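Here's the structure we're looking at; comments come further down.
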Amino acid sequence: PKPTRGKMRIHCLENVDKALQFLKEQKVHLENMGSHDIVDGNHRLILGLIWTIILRFQIQDISVQTEDSKETRSAKDALLLWCQMKTAGYPNVNVHNFTTSWRDGLAFNAVIHKHRPDLVDFEKLKKSNAQHNLQHAFNAAEQHLGVTKLLDPEADVSVDQPDEKSIITYVVSFYHYFSKMKALAVEGKRIGKVLDSAIEADRMVERYESLASELLEWIGRTITALNSRDFPNSLVGVQQQLHAFSSYRTVEKPPKFTEKGNLEVLLFTIQSKMRANNQKVYTPREGKLVAEINRAWERLEKAEHGRELALRDELIRQEKLEQLARRFDRKAAMRETWLAENQRLVMQDNFGADLAAVEAATKKHEAIETDMAAYEGRVRAVEGVARELEAERYHEVARVVRRRDGVLQLWRRLQELLAARRTRLEMTLALQRAFHEMLYTGAWMDEMKLRLLSQECGKHLLGVEDLLQKHALVEADVAAQADRVKAVNAAALRFAEEVDGYRPCDPEVASERAGQLEASYAELCALCAARRARLEEARALHLFLWEAEEVEAWVRQVEPLLASEDAGHDLAAVLRLLARHRAFEDELSGRRAQLQQTLRLGEEEKREAERDAQAARARSAELDKLWASLELAASRRAERLRASEALHQLLSDSADVEAWARDASLLVAAGGDVGNDEFSTQALARKHRDVVEEIEGYRIDSLQEQAAALPASLAEPAGVRERLRRLEEAYGELAALAAERGRRLQDALALYTIHSETAACLLWLDEKSQWLDALDIPEKLEDLEVVQHRFESLEPEMNGLASRVAVVNQLARQLLGSEHASEDDIKAKQDLLNARWSEFRELAESKKEALQAQLTLQSFQLECHETQAWIREKTRLIESTQGLGNDLAGVMALQRKLSGMERDLAAIEVKVGDLQGEAERLAQHHPERAGAVRGQLADTADVWGALRGTLRAREDSLGEASKLQKFLQDVDDFQAWLSKTQKAVASEDVPSTLPEAEKLLAQHEAIKNEISNYSEDHRRMREMGEEVTRDQSDPQHVFLRQRLQALHTGWAELHSMWDNRRALLAACHAYLAFARDARQADGVLSNQEYALSRVEMPATLQSAEAAIKKHEELTTSMEANDEKVGSVLDTGRKLVGEGNFNADKIQEKMDSISER
């Protein structure tokens, strides 16, 4: 347990109690000793306690058996015998006790010299010089053996009567150290053998891996070569590759196949040898397994097969290419002859001098082009054969390409000649067609000029419109002819340009004809524009006069309608009038735009036709005045209609509210009808909620707002204010009636709910009460479990019923508090239901307790039967060991048979004790069943007594075999402890703080003490093992000997691991302590540096004296801290000299502190 922190007396007593309790758990006898004696400083008891601890954990387990006697000596006598055996033969050394025999120091030096002669020169020691002898022995043990210097030569040993206990404690340290040293030597020899075997296995493994790597590398190279498809591009070269492949299959491949088989044999030999040496069987790493080598060989076979197929396919391909090349040469010769003949034909020009002759020459040329198009497929066929040869990489592809290019060049030359002849022919044809079009267009323009010179403009608007339409058609025809003239001129002027090459005519002729056609078209366009201007002036004047008449007629028509005082007698009439007026306003807006356009036409006419300016101006002024009066009448009419609409809308809304209020009053004042049962009442309540929501949703404030917006001239005659006041009073009465009816419905619903829920609960209680009254608690466990399951299902139903009873009580309290008319009936039903519910719960609880009691009794009987069966099984197991012998094999078999027996017996004993306690409790709570319970317990106790008797009889009959079995059990226990301790010592935790380092060191020292306590067990176990296995060669003894040897090796390894871990923790502790002191030194130096850096020059005498005094105090502090900083540096230098694992960091910190 962890110690309690604190320095008060209560804390000290608590810590000492924990230590004494631990000693009692370790079966250390403490007589007349308490924590108060230790805390109060009783020297006699404290010294006695220390000796008891040393005796229990250091000395008690030491025992030695001599060869001439079977007597087992005590720890003290065994240690004395060990010392006598180690010092035998040394002069002046006679160890016969642990007091005076050690005063001269020769015995200590003899023990050291016996095991480490290099540490002590025994011949130079003198018996008379006891101080020197003791000091030499103690120093050598501390410096070279790691044995702590527990004794002082002058005060503890070189006295008349040395303290026996102190000498024994110190000598035990030598005993433990030299026992560990011997175990380490044996371990070294064993490790040497293991290393030799491992080295030989490693050499064989390296050879296997080397051979496997070489074979896999060859396979990889060969697969790469076989997968290559870079064949010679000729028939002869492919035939040579096929011959080389046949040579590979017959010469290179067979030796590698033999090497693969040898590699499998080598792996089998390695694994067999490792199994024979009890080593971990070698498994090749991934990539070098036999299975992977076989898979690589399969890939080689697959690549070989693919290579063979590829070679044959390439041979066939080369033969086909040779045939294709011969066909290409034959077709190319035929195409070259045909192309040369056609070139001579298309180089001739004889087109004719007129349009008909040129068109005939064009048809002949088209016939030649048709023949060329038909022959193009044959030329492309030659090109296709050449392309196929080129794609297949034919070895004479250069020759094929040159001949193909020659054929294509002839074909392109023929196409160029044919295209040039086609161009010349088309130029001649285009020129002749342009000249023909010029003649036709000139005749048409002369005819149109005569029509455009007419001076007639029409006598009225319709006549002008008719002439304009006809003129538009003429203009369309003239505009259409513009593109035609441009196209004809452009076609003719192309031949008038001075360019090199073919000319179908003289350029001056083409230019002259184009100029004449352009001048004639310009004259025609000027005549069209003049004719349109005259017609537009005439149409504008007639249109203005007609529009003015139309506007004036419409205004005269609508004036009587706007002057009407009719505003409608009801809302529908008002809405109809408003709709008509809005339509009129829309029409007015449309006609306003039309009027503005008409006036603009009048202004333009006044500007353009001064002769009619006086009439147009008068007509425009008259129209403006007439239109202004019309708009004023329309706005006044709209205001009267909107006011009338608001009044009639208010009257209509108020009438609707009055009708709704009357209907709602009939609904909420439906007499005393609150329903005949719960469902009808719920339906009425839902309807009432809808009515209430409708009442709350109705707002009459909007009517007040509408009334406030009405003009007084309309509102007062209609009685609007009085009507709204009556509506508000009716609305208030309706809300009060709705609230009263809602309360009556809620009370009725609560009453009906009480009746229905009470009836349902009482029905359920009657049913379940009958079941509980008729229920008899069964005797069998199976029936009890059925009844228990029914009780478990009853609990949720009771919880649900409890909530329903709570609802009834809540509703009853609500109705009783409101002085309901059925108050007596409600109170009676509530009391009846609560009484029945209480009775049922009491009945259910009593039945449940009886059921639980019966279940407890049945469970006790079942546990008794199971425990008796368990005890009989263990008894049969013990009896089955009667036939085993007393030799080692029999004992080991017995050990396997009885493994776990002690643990099972302890568990059975605890179980029997629990059954006894349970039996007493059952007999106390169920006196009527006390006899049966005690009978079951007595049967169990009899079976348990029989088991213990059988076990004692078996132990008595085993004799020596029992001792051997105890030895094997001790070996198992020691091995388990050794494994656990090695795991604890092998921890790699490194402390990060100084308290953590101190804690780990304390835990490590506790492990050392535990190891020392087990040293005597190790010695006894080793001696017993040597005695058991001496002169024995059977497999069981050989196995036991090997096991003991492994334990000795593990024991030596444990000491070595402990020392290494101790050194690491000590180094960590020293480094962390240095780091703490260094941080403190840094803090001191930082404070001093800060103080020195903040010095300011004083301005007065007083401040100067204060500064001097402060500086003197700082100097005194620095002198006081100098020793502390020096101590830190000395500690750091010591750690660096000892080779601490953090020496670099320590040196860096020291340099930093020294520099500062």
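Note that the UniProt record's numbering numbers the sequence shown so that position 92 is 92, with each residue one more than the last.
The beta-carbon is built from N, C-alpha and C at its ideal position, and this holds for glycine as well.
Given the structure is predicted, the values throughout are model-derived calculations rather than measurements.
- By the Cβ neighbour-count rule, R421 is buried, with 16 or more other Cβ atoms within 10 Å of its own.
- Taken atom to atom, the span from the alpha-carbon of H1111 to that of P162 is near 60 Å.
- Taken through DSSP and simplified to helix, strand or coil, D104 comes out as coil.
- The region 149-163 makes no contact with the region 110-123: fewer than 3 CB pairs, one atom from each, lie closer than 8 Å.
- R876 counts as exposed, since fewer than 16 other C-beta atoms from the protein chains shown sit within 10 angstroms of its C-beta.
- In its chain, beyond the 5 residues on either side, P991, A997, L1000, L1001 and H1004 have a beta carbon closer than 8 Å to the beta carbon of L1065.
- With fewer than 16 other Cβ atoms inside 10 Å of its own Cβ, H36 counts as exposed.
- Between the region 933-943 and the region 904-920 there are three or more inter-stretch CB-CB distances shorter than 8 Å, so the stretches are counted as touching.
- One Cα belongs to W51, the other to A88, and the distance between them is close to 29 Å.
- Taking C-beta atoms under 8 Å as the contact rule, V382 and E390 fail to qualify, at a distance of about 13 Å.
- Only exposed fits T337, as fewer than 16 other CB atoms lie within 10 angstroms of its CB.
- Residues L527 of the same chain have their beta carbon placed closer than 8 Å to that of L453, with the five preceding and five following residues left out of the count.
- Where M85 is concerned, the enclosing alpha helix (DSSP H) starts and stops at A75 to T87.
- Under the 8 Å Cβ criterion, the region 793-813 counts as touching the region 751-764, having at least three qualifying pairs.
- Approximately 6 Å separates the beta-carbon atoms of L215 and L263; this is inside 8 Å, confirming the contact.
- When only Cα atoms are considered, H395 and N233 end up about 6 Å apart.
- DSSP places M334 in the helix class (H, G or I) of the three-state scheme.
- Distance between D1151 and E206, taken at the CA atoms: about 51 Å.
- Between the beta-carbon of R335 and that of V407 there is about 5 Å, and that keeps the pair under the 8 Å contact cut.
- Minimum Cα-Cα distance from F231 among the listed residues R317, S1056 and S210 corresponds to R317.
- Burial is judged here by how many other beta carbons sit within 10 angstroms of a residue's own beta carbon; L1135 has at least 16 and is buried.
- Judged by pairs of C-beta atoms under 8 Å, the region 1120-1134 touches the region 1069-1082, as three or more such pairs exist.
- The beta carbon of L414 sits closer than 6 Å to those of L339, N342 and Q343, all from its chain and outside the five residues before and after it, given in chain order.
- The residue from N1013, D973 and R5 with its alpha-carbon nearest to that of L1044 is D973.
- Scanning its chain for C-beta atoms nearer than 7 Å, with the 5 sequence neighbours on each side dropped, one finds around N133 the residues D104, G105, L106, N109 and L125, in chain order.
- Around the Cβ of V93, a 10 Å sphere holds 16 or more other Cβ atoms; the residue is buried.
- Contact between the region 472-492 and the region 432-449 is present: three or more C-beta pairs spanning the two stretches fall below 8 Å.
- Taking a cut-off of 8 Å for Cβ pairs, the region 466-486 and the region 532-540 touch, as three or more such pairs fall below it.
- Taking a cut-off of 8 Å on C-beta distances, the region 903-914 does not touch the region 828-838, as fewer than three cross pairs fall below it.
- With fewer than 16 other Cβ atoms inside 10 Å of its own Cβ, R393 counts as exposed.
- Collapsing the DSSP output to three states places S179 in a helix.
- Across the set V509, R494, A538 and R249, the C-alpha of A538 shows the shortest separation from the C-alpha of G458.
- Assigned with DSSP and collapsed to three states, C761 falls in helix.
- Taking C-beta atoms under 8 Å as the contact rule, L947 and E863 fail to qualify, at a distance of about 17 Å.
- In the three-state reduction of the DSSP assignment, I316 falls in the helix class.
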